[in-house]
Every structure is written in structure tokens, then in C-alpha cells.
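This report refers to the structure that appears directly beneath it.
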Amino acid sequence: MAPNTKKDQMIPQPALEADLDVIRGRMIEGHMNGNANGHRAKESLTDADFAPHSHDEYDHVADFRLPTVSECIQLYKTYKGKIVWRNVILMTILHGYFPYACYLFFFAIQWKTFFYTWGLLYLSGFGITAGAHRLWAHKSYKARLPLRLFLTFCQTLAFQNDIYEWCRDHRVHHKFSETDADPHNAKRGFFFSHIGWLLVKKHPDVKEKGKTIDMSDLMEDPIIYYQRKYYVPIVLTVSLILPSYLPVWVWNENPWYAFVVCSLGRYCFSLNCTWLVNSAAHMWGNKPYDREISAVENYKVSQWVLGEGWHNYHHTFPWDYKTSELGLYQFNLTAMFIDFMARIGQAYDLKTVDHETIMQRVNRTGDGSETFMRHSDDIEPSDHKKMD
């Protein structure tokens, strides 16, 4: 149930959550008023913790102030045993190189390398959206062996953990969304849900609830099994070595430029695009399908992430291969890719939701807003499965 007053919306957070907001500089107004220290007592998850939350509870993310020196000192004291310093150092180096990579991308590299890098971005993007997300995490369609091999290559190129781990975290995210068991819980602020969750140790509830997720379907796939078993040498070769080596070998690109742009810069950019789904698509947008969840419709995110920003629809109907109601491919390139694969026989059993079911849900739980554009396909492929 949505709170009745602005004060009720300021839900006290654990120390870990409050400190992450300090990092971002988004000190929530009234956030530290839960008790004398601004912290709630540690407790086990209850049914209430897993209940859907109103979007109003997240309006406070726009209220911020800069942290004081004492707060920064307290931040360090609280976090010195919880920060994963290896990840902090690696992400700092990666993002530190990104401005330089952008300069090289626009002003120094050959035109062939320019388009080659864009191609790598799309390949790695489809590996996450069409592969890890829609095919393996949600099983919203089926793919034949050639397509599964191709998407495994693309997902490895993306360098966002192996397929098994990516899907496990995502299934936990859906089942326990906006709780301490959610790996990138949006209630802990933009910074945490965007990148901070990778810089600190996982909350104990994430590990505990992760053990309850059935992953047997993925381990029965030999492609996923061997990718996970030999992930380190495979990902270093596919994501870092090959992307920078090919331009040097084929059209004599500067080796240093190729490494910074095609490997480091491309990787940093694709990571942040994916992270926008975890952060922005849970904070800023409308909720035409379910007003009681934090996931929102954000067409700007969809433009950057190949159609993954229609997040209110996706969390309402997670089995739909389109992850949206839209029929416009320019805002859902992943749906276009899957439809094309279906037409050439590589994808089949595409699951979707009929219009009547969608409208019933809109009228029952929507916030009254309209989607950017209603889905308007005149003819649906014969292999689409209607799911109630």
C-alpha cells in the first residue's frame, strides 16, 4: 500500500544503504530520521520485505545534498571491511581511460575501426539482451544450436560474467525485486543500483536467496556448462585480445589505439548501457502496467540498450520475448533481431502476451499513463505463443 504522506515515504535504510547514498552525494531528505543514528535494527526478511512497493517511495532519489567531511569519514569507517577493492581499482582504471578512448574514437582511429567498434557494441549488446536476458534468463523463446553458439560468443564479448551467473543474478532480481535479496536493489539509490553493487560484497540475503533459484535448466546446456568452466581464458581472448588484435592485423590500426578504443572504451560504454536498466529504468518513467513496482517505462534507456528500457512492462510480463508492448523496431532492436532469427528458422516458440490480457492488466493495476506507443503488429508470426 502506498504511504499517505511524504514523511511516510522516507523509509529508513540500513547503514550500508545510507552510506552508498553518501558516495553518490544523494543524501536523502529525512532518510536518517528512522532512529537516533539513522539505522534500523538488523532483521531477517519477512513477507513484507518482498511485497511490491509504490513508485512514490523512490521519489526521494531526486532530493540530495553534498556529504559533509564527517559523513565521508564515517563512510570509510563503515565500508573499509565491505568494499571489494579489486573491483574498485579495476573500475576506476576502466572509467579513467574512457574519456581518452572517446577522444581516440572520434579523432584518431581509422574509419574502419570506428565502424568496427560500433559493430562490437551491437554484438555484445545482443549477447546480453537477446541471449543472457531473453533467451536464457527468462526462456521467452527457444534457439537452435547455431544461434545459441552465436549468442554465447556475443555474451562472452560483453564480459558481464558467464551466462550462468548473469542469469542467476537476474532471476534473483525478478523474484526478490527491491529487497535486500535483490543484487542491485534500486531502493539503495542510483549509484548502488548502477555500479555500486559491484564494488561491495553481496548482501547475505542475495547469496541465501540465490541458492533457492532453480538453475538446472542452464547447467543441462553443454554450451553454458563449458563457457562457465573455461570462462577466464575464453573471456580474456574474446573480449579483450581479439577485439584489439583484429584491426591491427587486418587494416594496420595503431595497436595502442585499438586496445584503448575497441577493448577498454567499448567495454566501459557497454557496461554503463546495461547498468542503466538496473538504475534509471527503476527510477524515472511511467508505470502504465503496474503502479506498485519500481520498474518504469523509459524510452531513452531503450534507445541506448536495444529495447530493454520498457521495464514496467517487462516486470509485469517477464516471459514476453519483446520485453515490451511496442511494435516499433527502432525502439526495440532486440525484438527485431529475434523476429528475424525466427523468420530464418533459428528462433522458435516465441512467447508473447495477447492484447486483451495486456489491457486487462493496464486497467486493473496501471497508473493511468499511456505507453510511448501501443504495440501495433498487423500480423503476428505463426510461431508466437500466446501466454495468459
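Read in order, the letters of the sequence shown correspond to residues -3 to 384 in our numbering.
The C-beta atom is built at its ideal place from N, Cα and C for all residues, glycine as well.
Span of the alpha helix (DSSP H), counted from its first residue to its last, around residue i
i: Leu329; result: Leu329 to Arg339
i: Glu352; result: His351 to Thr361
i: Ala97; result: Trp81 to Phe103
i: Thr113; result: Trp107 to Phe122
i: Asn274; result: Arg262 to Asn274
i: Asp165; result: Ile159 to Lys171
i: Val297; result: Tyr295 to Trp300
i: Tyr227; result: Tyr227 to Val231
i: Asn204; result: Before going on, a small fix: residue 204 reads as Glu here, not Asn. Its alpha helix (DSSP H) spans residues Pro200 to Gly206.
i: Thr148; result: Leu141 to Ala154
i: Asn308; result: His307 to Thr312
i: Ala254; result: Pro251 to Ala254
i: His190; result: Phe186 to His190
i: Val246; result: Leu238 to Trp247
i: Met215; result: Ser212 to Met215
Closest residue to residue i among the options (Cα-Cα distance)
i: Ile105; options: Ser266, Val257 and Phe327; result: Val257
i: Asp363; options: Glu293, Ile85 and Met332; result: Glu293
i: Tyr221; options: Trp193, Tyr160 and Cys269; result: Tyr160
i: Ile124; options: Asn250, Leu267 and Trp114; result: Leu267
i: Phe188; options: Phe333, Lys296, Tyr344 and His278; result: His278
i: Ile219; options: Ala128, Leu260 and Trp245; result: Ala128
i: Trp162; options: Pro200, Thr270, Phe102 and Asn308; result: Thr270
i: Lys78; options: Pro200, Ala139 and Ser298; result: Pro200
i: Ala182; options: Val234, Leu272 and Ser136; result: Leu272
i: Trp252; options: Thr109, Asn359, Ser66 and Met87; result: Thr109
i: Lys225; options: Thr152, Val358 and Lys296; result: Thr152
i: Tyr99; options: Tyr309, His307, Ala254 and Phe333; result: Ala254
i: Lys122; options: Gln156, Phe103 and Trp107; result: Going by the sequence as given, residue 122 is Phe instead of Lys. When only C-alpha atoms are compared, the closest one is Gln156.
i: Cys150; options: Val297, Tyr263 and Ser173; result: Tyr263
i: Phe146; options: Asp286, Val234 and Asn250; result: Val234
i: Asn282; options: Ile237, Trp193, Ser173 and Val358; result: Val358
Residue i, enclosing beta strand (DSSP E) - first and last residue
i: Thr348; result: Leu346 to Thr348
Rounded distance between the beta-carbons of residue j and residue i, thought under 8 Å
i: Ala154; j: Ser120; result: 4 Å
i: Ile354; j: Glu321; result: 6 Å
i: His311; j: Ala291; result: 4 Å
Contact under 8 Å by Cβ, residue i with residue j
i: Pro314; j: His170; result: yes
i: Pro243; j: Tyr112; result: yes
i: Ser275; j: His351; result: no
i: Asn83; j: Leu195; result: yes
i: Phe404; j: Leu117; result: Any answer about residue 404 is impossible in this case: the structure gives the chain only from -3 up to 384.
i: Arg130; j: Thr348; result: no
i: Leu302; j: Leu346; result: no
i: Asp165; j: Tyr227; result: no
i: Thr148; j: Gln223; result: yes
i: Lys197; j: Val80; result: yes
i: Gln356; j: Leu143; result: no
i: Gly305; j: Tyr295; result: yes
i: Phe333; j: Ala133; result: no
i: Lys135; j: Tyr344; result: no
i: Asn308; j: Asp286; result: yes
Buried or exposed by the 16-neighbour rule on C-beta atoms within 10 Å, applied to residue i
i: Asn405; result: With the chain running from -3 to 384 in the structure shown, residue 405 is simply not present.
i: Thr208; result: exposed
i: Leu260; result: buried
i: Pro239; result: buried
i: Arg360; result: exposed
i: Val57; result: Residue confidence is low: Val57 scores 36 on pLDDT, short of 50, so the model does not pin down where it sits. Its coordinate-derived value is still stated next. Val57 should be labelled buried.
i: Val202; result: buried
i: Arg339; result: exposed
i: Met337; result: buried
i: Ser378; result: Only weak support exists for where Ser378 lies, its pLDDT of 42 falling under 50; the coordinates are left without a value.
i: Asn33; result: Reliability of the predicted coordinates at Asn33 is poor, the pLDDT of 36 falling under 50, and no value is obtained from them.
i: Asp335; result: buried
i: Ala177; result: buried
i: Pro95; result: exposed
i: Arg212; result: The amino acid occupying residue 212 in the given sequence is Ser; Arg does not appear at that position. Classification for Ser212: exposed.
i: Leu141; result: exposed
i: Asp17; result: Because the pLDDT at Asp17 is just 42, under 50, the model does not fix this residue reliably, and the value given afterwards should be weighed accordingly. Asp17 comes out buried.
i: Phe186; result: buried
i: Glu366; result: exposed
i: Trp114; result: exposed
i: Val246; result: exposed
i: Asp210; result: exposed
i: Ser66; result: exposed
i: Phe103; result: exposed
i: Trp107; result: exposed
i: Leu86; result: exposed
i: Pro229; result: exposed
i: Thr88; result: exposed
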